[in-house]
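Peer 1: Quick one: the structure is below, questions incoming.
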Amino acid sequence: MMKILIIDNDESLRFMLTEFCKHAEWESDTAVNGREGIEKFLKGAFDVVLVDYHMPEMDGLQTVRELRKHNQQIPILVLTVDERQEVADRFLEEGATDFALKPVKAPDLISRIRLHAQIANMKSVQDEEEDVFTVKGISKGTLQTVARFLKEHKSPISVDGISKEVGLAYPTVYRYLMHLLEEGKVKQVVSHQKIGRPKKLYKWYTH
1 MMKILIIDND ESLRFMLTEF CKHAEWESDT AVNGREGIEK FLKGAFDVVL VDYHMPEMDG
61 LQTVRELRKH NQQIPILVLT VDERQEVADR FLEEGATDFA LKPVKAPDLI SRIRLHAQIA
121 NMKSVQDEEE DVFTVKGISK GTLQTVARFL KEHKSPISVD GISKEVGLAY PTVYRYLMHL
181 LEEGKVKQVV SHQKIGRPKK LYKWYTH
């Protein structure tokens with residue numbers, strides 16, 4: 001049975017997330033702030049951590065940074081209402097795995113947790129010794145998931161389309177696409193719409 005650590009200062013949200021876990025037949029433990037969350041994390045064995053962004057004493061960013069000092073592989077999902085890419089980039093650089101945008105919906109969160117637990121298991125089976133980060137803010141397991149989807153999806157696709165298909169949040173997909181673009185593994189295709197602005201689509205670069 002999976003065990004989820006919920007770090008959030010909002011009592012009603014902690015209760016709701018605990019209920020989500022019960023529904024999915026997972027165990028869960030809660031912490032009211034980052035400091036308590038780190039203490040519980042070090043004492044227990046967890047499969048996934050949920051971290052709220054805005055918390056007193058120790059915010060989500062500091063909490064993610066501290067968690068990564070102790071464990072490089074556990075999936076860390078950030079709960080936030082902030083959809084700005086610069087915020088997402090800061091979290092991913094500190095080691096966050098993905099995001100769950102508030103208001104959190106049970107089916108979305110449950111499927112996201114399952115996905116990341118699966119990616120983490122695949123990564124540990126593939127190579128336990130290799131560092132999970134290729135560069136700061138890029139997890140190899142998540143990178144492989146995005147790359148595999150693009151290789152199999154022959155036609156160009158938008159960030160939003162990839163996000164819906166692979167189950168990763170939009171800001172996460174965007175950052176990984178930019179990384180693959182820099183590496184020359186993905187190319188950008190501009191699709192001119194009949195109405196509105198041209199749309200940026202992405203496809204795996206085959207030489």
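Residues 1 to 207, numbered by UniProt numbering, are exactly what the sequence shown covers, in order. C-beta: ideal position from N, C-alpha, C; glycine also. Just so it is clear, the structure is predicted and the values come from calculations on it, not from any experiment.
1) Given 8 Å as the limit, is there contact between the segment 150 to 163 and the segment 172 to 183, that is, 3 or more CB pairs closer than that?
2) Round the Cβ separation of N9 and P56 to the nearest angstrom and send it over; I've been treating them as touching at under 8 Å.
3) Helix, strand or coil for E130 per DSSP?
4) If D98 and R112 are in contact, beta carbons under 8 Å, what's the gap, nearest whole angstrom?
5) Which residues mark the beginning and the end of the alpha helix (DSSP H) in which V49 is found?
6) Please name the residue, chosen from K187, S155, K69 and K164, that lies closest to A96 on a Cα-to-Cα basis.
7) Kindly indicate which residue of L61, I195 and L181 has the alpha-carbon position closest to the one of V189.
8) Can you tell me which of H153, K154, L168 and E152 puts its alpha carbon nearest to the alpha carbon of G141?
9) Starting from the C-beta of K187, find all residues in its chain whose C-beta is less than 7 Å away, skip the five residues before and the five after it, and write them out in chain order.
10) Alpha carbons only, please: which of V78, F41, G37 and I38 is nearest the one belonging to P103?
11) What separation, rounded to the nearest whole angstrom, lies between the Cα atoms of R65 and Y53?
12) Apply the 10 Å Cβ neighbour rule to D131 and answer buried if 16 or more other Cβ atoms are within range, or exposed otherwise.
13) Which runs of the beta strand (DSSP E) at least 3 residues long sit entirely within the UniProt domain "Response regulatory" (3 to 117)? Give them in chain order.
14) So for Q188, helix, strand or coil by DSSP?
15) Skipping 5 residues on each side, what residues in its chain have a beta carbon closer than 8 Å to that of E165?
16) Should I38 and L67 be called a contact, given that it needs their Cβ atoms to be closer than 8 Å?
Peer 2: In terms of the structure at hand:
1) Of all C-beta pairs linking the segment 150 to 163 to the segment 172 to 183, three or more are shorter than 8 Å, placing the two stretches in contact.
2) In the sequence shown, counting from the first residue as 1, residue 9 sits at position 9. In the sequence shown, counting from the first residue as 1, residue 56 sits at position 56. The pair is a contact, with the Cβ atoms about 6 Å apart (cut-off 8 Å).
3) Residue mapping note: residue 130 aligns to position 130 of the sequence shown, counting from 1. Since pLDDT at E130 reaches only 49, below the 50 mark, its modelled position is unreliable, and no value is offered.
4) Numbered from its first residue, the sequence shown carries residue 98 at position 98. Numbered from its first residue, the sequence shown carries residue 112 at position 112. Yes, they are in contact, since the Cβ atoms of D98 and R112 sit about 6 Å apart, within 8 Å.
5) Within the sequence shown, the letter at position 49 stands for residue 49. Note, V49: premise wrong, no alpha helix (DSSP H); beta strand (DSSP E) at V48 to D52.
6) The sequence position of residue 96 within the sequence shown is 96, counting from 1. Looking only at K187, S155, K69 and K164, the smallest Cα-Cα distance to A96 is reached by K69.
7) The residue you call residue 189 lines up with position 189 of the sequence shown. It is L181.
8) As a working note, residue 141 is residue 141 in the sequence shown. The closest CA to that of G141, considering only H153, K154, L168 and E152, is found on L168.
9) For the purposes of this step, residue 187 is taken as residue 187 along the sequence shown, with counting starting at 1. The residues are K203 and Y205.
10) As a working note, residue 103 is residue 103 in the sequence shown. By alpha-carbon distance to P103, the top candidate from V78, F41, G37 and I38 is V78.
11) The residue you call residue 65 lines up with position 65 of the sequence shown. The residue you call residue 53 lines up with position 53 of the sequence shown. Between R65 and Y53, the C-alpha separation is close to 12 Å.
12) As a position in the sequence shown, residue 131 is number 131, starting the count at 1. For D131, the pLDDT reaches just 49, beneath the cut-off of 50, and the residue's location in the model is therefore unreliable, although a value from the coordinates is still provided. Result: exposed.
13) 3 to 7, 27 to 31, 48 to 52, 76 to 80 and 98 to 101
14) Counted from its first residue, the sequence shown places residue 188 at position 188. Residue state, collapsed to three classes: strand.
15) What you label residue 165 is simply residue 165 of the sequence shown in a count that begins at 1. Correct list, in chain order: F149, H153 and I157.
16) Within the sequence shown, the letter at position 38 stands for residue 38. Within the sequence shown, the letter at position 67 stands for residue 67. In this structure, L67 lies closer than 8 Å to I38 by Cβ.
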